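Accompanying notes for the structure given below.
There are 2 protein chains.
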Amino acid sequence: MNTQTDQSVITPEHVAIVGGGVIGCGWAVRSLAAGARVTVFDTDVATAERRLKQAIDIAWPSMEKRGLAATADNTAWRVTDDLADALAGADLVQENVPERTALKQHVLAEIDALVPKDVLIGSSTSGIKPSELAEQATRAPGRIVVAHPFNPVYLLPLVEIVGNTATDEATIEQARAHYRGLGMKPLVVRAEIEGHIADRLMEALWREALHLVNDGVATTEEIDAAVVYGAGLRWSLMGTFLTFHMAGGEQGMRHMLEQFGPALKLPWTKLEAPELTDTLIERVVAGCEHQAAGRTVAQLEDRRDAFLTDLLNLVERYWPESEGLAGRI
Amino acid sequence: MNTQTDQSVITPEHVAIVGGGVIGCGWAVRSLAAGARVTVFDTDVATAERRLKQAIDIAWPSMEKRGLAATADNTAWRVTDDLADALAGADLVQENVPERTALKQHVLAEIDALVPKDVLIGSSTSGIKPSELAEQATRAPGRIVVAHPFNPVYLLPLVEIVGNTATDEATIEQARAHYRGLGMKPLVVRAEIEGHIADRLMEALWREALHLVNDGVATTEEIDAAVVYGAGLRWSLMGTFLTFHMAGGEQGMRHMLEQFGPALKLPWTKLEAPELTDTLIERVVAGCEHQAAGRTVAQLEDRRDAFLTDLLNLVERYWPESEGLAGRI
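So the sequence lines, in the order shown, correspond to chains W and R.
Residue numbering for the first sequence follows my numbering, beginning at 1290 and increasing consecutively.
Residue numbering for the second sequence follows my numbering, beginning at 1290 and increasing consecutively.
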């Protein structure tokens, strides 16, 4: 296990954004709020300009409430259809062209040819492996990494970092420092798999939800309500593992696996579960104990309850009261 | 589609809790805060008493912050090992014995024999179908319904209500009114399936998470971080469907399905997706449009951003900063 605890933060001064869609504009807003200046490459300059103006209008009040960098300037940006012009002088490049492998490979190879070898190139791809992305780059392919954000990019802190086979540890550290500098939580994924980690999880839930709709069991709004009013409230503080660790009571995850492990084999769903081997049990239990960091389940409960109380009071101000279920739940 | 908009609320005056474990104690605290008096049946009176005292100590400050009923009295409870004594005079019975079908069937039949025919009997079962639960009840099996809560029961508002084949609409309405009276959001599930809705979704995510640990891709804490810092923050306001509707931009879910539908067939995972038929597409798109209730994606974005800004400020006060990933993310 990586025990690296380096917490260096380097805020890029100039971020080049390649592709000015929803994700590209999200990166631009986040970069501006962090005090960087921004150049955006897009083949359709007028549309990208309009889109970014709109994104800034919508997002800036939130960015002000979250806290702006001293040098933050929401006019410090321009859009160009000249790639070399967009990239010139940037100390971080973020690629957000449509999710087609051949297109991304081509664009990333072009960027690689144009920017100095020590400039990090992050790709927002949600599913493609980094080694595949870097295939056509010949100059310094190791600095082409996956840096997968979540929508809205200017607010959600998670960014999944995945290096390719040519990426060294120093580049990963550079990526960590740069994305921290943009106010993010960089999660380094140690294996190249399609969908990285977060999209795997979201797709699993999405597949099951589609089965429920397909089988006529529930409507989309009922399924959404089942997420929002139940597990969703917990998931903004704790993931599945820590949640289940607490459900196991004093004995934590080990008891939970004994009690509910067999349910994995029930013929509930078309989604296949892995075999609950001793190795897997040990891995899950040890992981949860590490996460709990010596805290008892009661201590975890205290924190959870205080958080949920505040969250419920907050959520009620924004509750989807006028959605289809209004008056029925 | 059910267009029922009845919002009647009936707060039970006396709730009988059968089984004084974590879930039973959660129901007791919620009932006390709503102003009801509580009797708890448990074969081990001393342990159940200790557990409930502890639950009240932990939870009451949160209940005070959430708002207590005028008649709320956190001493208005007692534990007994005499089932008839526990049930006498109750206007709502909540069963929370261990998740074994035969045991629940037996206990529910006993309760059915003891309480007047018009008293609702809710079972906290997380996975068993209500018709199976009511199999041995002979007196008024229709009033035995699934009423599945989420931990911590005293804070999370979701309760899934599922009737059995003998349950009439009036009983479902009675259940809605009673659980609303306990401050909850009753989601009526129209089909009897194992795992109801919410646990199906949670299990899907859980299976994929176990695959990731099993394949050595990520640790439990990395997976939890991928939930908390990304999708989890959104899930306390919006479920998967509305989230993906917004990801589709101006055209919403239809565009989303065109763009990302094919990814469902990628060989990412062992979890099998349903065929994206025209019927399924229409059902999902219509569902999302109903949920959006005429609001544009931009309006949904405004609400989401304002919520996320407040939530991020809140979460930072509770962030799992000392968990294993501290210093590494």
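Just so you know, even glycine gets a beta-carbon here, dropped at the ideal spot from N, CA and C.
Note that the structure is predicted; figures quoted are calculated from it, not measured.
ask   = According to DSSP, what are the bridge partners of W:V1434?
value = The residue labelled residue 1434 of chain W in the question sits at position 145 within the first sequence. Residue pairing from DSSP places W:V1434 in a beta bridge opposite W:G1411.
key: Cβ neighbour criterion (16 or more within 10 Å) applied to R:V1298   = Residue 1298 of chain R sits at position 9 when you count from the first residue of the second sequence. So R:V1298 ends up on the exposed side.
ask   = Whole-angstrom Cβ separation of R:E1302 and R:A1325, contact assumed at under 8 angstroms?
value = For this step, residue 1302 of chain R is matched to residue 13 along the second sequence. For this step, residue 1325 of chain R is matched to residue 36 along the second sequence. Between R:A1325 and R:E1302 the Cβ distance is about 6 angstroms, and since that is below 8 angstroms, they are a contact.
task = Over the uninterrupted beta strand (DSSP E) stretch that includes R:V1448, give me the two end residues.
result = For the purposes of this step, residue 1448 of chain R is identified with residue 159 of the second sequence, where counting begins at 1. In the DSSP annotation of this structure, the continuous segment of the beta strand (DSSP E) that includes R:V1448 starts and ends at 1447-1451.
message = I want to see whether chain W comes within less than 8 angstroms of R:D1407, judged by CB atoms only; does it?
response = The residue given as residue 1407 of chain R occupies position 118 in the second sequence. Closer than 8 angstroms: no.
message = Taking the straight line between their C-alpha atoms, what separation do you get for W:Y1518 and R:K1474?
response = Translated into the one-based positions of the first sequence, residue 1518 of chain W becomes position 229. Translated into the one-based positions of the second sequence, residue 1474 of chain R becomes position 185. Going by the C-alpha atoms only, they are around 7 angstroms apart.
inquiry  = Between the stretch 1460-1471 of chain R and the stretch 1493-1511 of chain R, can you find at least three pairs of beta-carbon atoms closer than 8 angstroms?
reply    = The stretch 1493-1511 of chain R is not in contact with the stretch 1460-1471 of chain R.
query = Three-state secondary structure (DSSP) at W:R1584?
reply = Here residue 1584 of chain W refers to the residue found at position 295 when the first sequence is read from its first residue. DSSP, read as helix, strand or coil, puts W:R1584 in coil.
query = DSSP state of R:F1330, grouped into three classes?
reply = The count along the second sequence starts at 1 and reaches residue 1330 of chain R at position 41. Shown here, R:F1330 sits in a strand according to DSSP, grouped into three states.
ask   = Since W:E1384 sits in a beta bridge, which residues does DSSP pair it with?
value = Walking along the first sequence from the start, residue 1384 of chain W turns up at place 95. Checking the DSSP bridge columns, you'll see W:E1384 partnered with W:V1307, W:S1412.
ask   = Are the beta-carbon atoms of R:H1467 and R:L1409 separated by less than 8 angstroms?
value = Position 178 of the second sequence, counted from the start, is the residue given in the question as residue 1467 of chain R. Position 120 of the second sequence, counted from the start, is the residue given in the question as residue 1409 of chain R. In contact: R:H1467 and R:L1409 (Cβ atoms closer than 8 angstroms).
inquiry  = Looking at chain W, is there any beta carbon in it that lies within less than 8 angstroms of the beta carbon of R:M1290?
reply    = Here residue 1290 of chain R is taken as the residue at index 1 of the second sequence, counted from 1. Note on R:M1290: pLDDT 29, under 50, position unreliable in the model; no value is reported.
query = Can you tell me the Cα-Cα spacing of R:A1238 and W:E1564, whole angstroms?
reply = Not covered by the structure: residue 1238 of chain R. The range shown for chain R is 1290 to 1618.
query = Applying the criterion that 16 or more other CB atoms from any shown protein chain within 10 Å of the CB defines a buried residue, is W:P1446 buried or exposed?
reply = Reading the first sequence from its first residue, position 157 is the one you call residue 1446 of chain W. Buried.
key: Rounded separation between W:T1332 and W:G1505 - CA only   = As a first step, residue 1332 of chain W must be located in the first sequence, where it is residue number 43. As a first step, residue 1505 of chain W must be located in the first sequence, where it is residue number 216. CA-CA distance, W:T1332 to W:G1505, rounds to 44 angstroms.
query = Looking at the C-beta of W:M1545, does it have a partner C-beta in chain R at a distance below 8 angstroms?
reply = One-based indexing of the first sequence puts residue 1545 of chain W at position 256. The Cβ of W:M1545 sits no closer than 8 angstroms to any Cβ of chain R.
ask   = Mind listing which residues of the stretch 1410-1434 of chain W have their C-beta closer than 9 angstroms to chain R's C-betas, in chain order?
value = For the stretch 1410-1434 of chain W, the residues whose beta carbon sits under 9 angstroms from a beta carbon of chain R are, in order, S1415, G1416.
request  = Can you tell me which of W:R1593, W:P1405, W:A1322 puts its alpha carbon nearest to the alpha carbon of W:A1379?
outcome  = Residue numbering aside, residue 1379 of chain W sits at position 90 when the first sequence is read from its first letter. Of the residues W:R1593, W:P1405, W:A1322, the one whose Cα lies closest to the Cα of W:A1379 is W:P1405.
key: Distance between R:A1322 and R:E1353 (C-alpha atoms, nearest Å)   = Along the second sequence, one-based indexing puts residue 1353 of chain R at 64. Along the second sequence, one-based indexing puts residue 1322 of chain R at 33. The straight-line gap from Cα to Cα measures roughly 8 angstroms.
Inter-stretch contact at 8 angstroms, needing at least 3 Cβ pairs: the stretch 1380-1400 of chain W / the stretch 1358-1365 of chain W = The stretch 1380-1400 of chain W makes no contact with the stretch 1358-1365 of chain W: fewer than 3 CB pairs, one atom from each, lie closer than 8 angstroms.
message = Quick check on DSSP: helix, strand or coil for W:V1517?
response = The count along the first sequence starts at 1 and reaches residue 1517 of chain W at position 228. W:V1517 falls in the helix class under three-state DSSP.
key: Limits of the unbroken beta strand (DSSP E) element including R:P1237   = Absent from the model: residue 1237 of chain R. The displayed extent of chain R is 1290 to 1618, so no value can be given.
query = Per DSSP, which one or two residues make a beta bridge with W:V1573?
reply = Taking the first residue of the first sequence as position 1, residue 1573 of chain W is located at position 284. Beta-bridge partners of W:V1573 (DSSP): none assigned.
query = Going by Cα to Cα distance, which pick from W:E1384, W:S1413, W:D1407 is closest to W:E1399?
reply = On the first sequence, residue 1399 of chain W is found 110 positions in, with the first residue counted as 1. Selected option, being the one with the closest Cα: W:E1384.
inquiry  = Suppose you measure from the CA of W:S1412 to the CA of W:L1341; what does that come to, to the nearest Å?
reply    = Within the first sequence, numbered from 1, the residue matching residue 1412 of chain W stands at position 123. Within the first sequence, numbered from 1, the residue matching residue 1341 of chain W stands at position 52. Distance between the alpha carbons of W:S1412 and W:L1341 is about 19 angstroms.
request  = Give every residue of the same chain whose Cβ lies closer than 8 angstroms to the Cβ of R:S1415, excluding the five residues on either side of it in the sequence, and list them in chain order.
outcome  = In the second sequence, residue 1415 of chain R corresponds to position 126, counting from 1. Shown here for R:S1415: same chain residues with a beta carbon closer than 8 angstroms to its own, the five before and five after excluded, namely E1388, H1437, G1484, H1485, D1488 in chain order.
query = Is the CB of R:Y1607 under 8 angstroms away from at least one CB in chain W?
reply = Here the question's residue 1607 of chain R lines up with position 318 in the second sequence. A Cβ of chain W is located within less than 8 angstroms of the beta carbon of R:Y1607.
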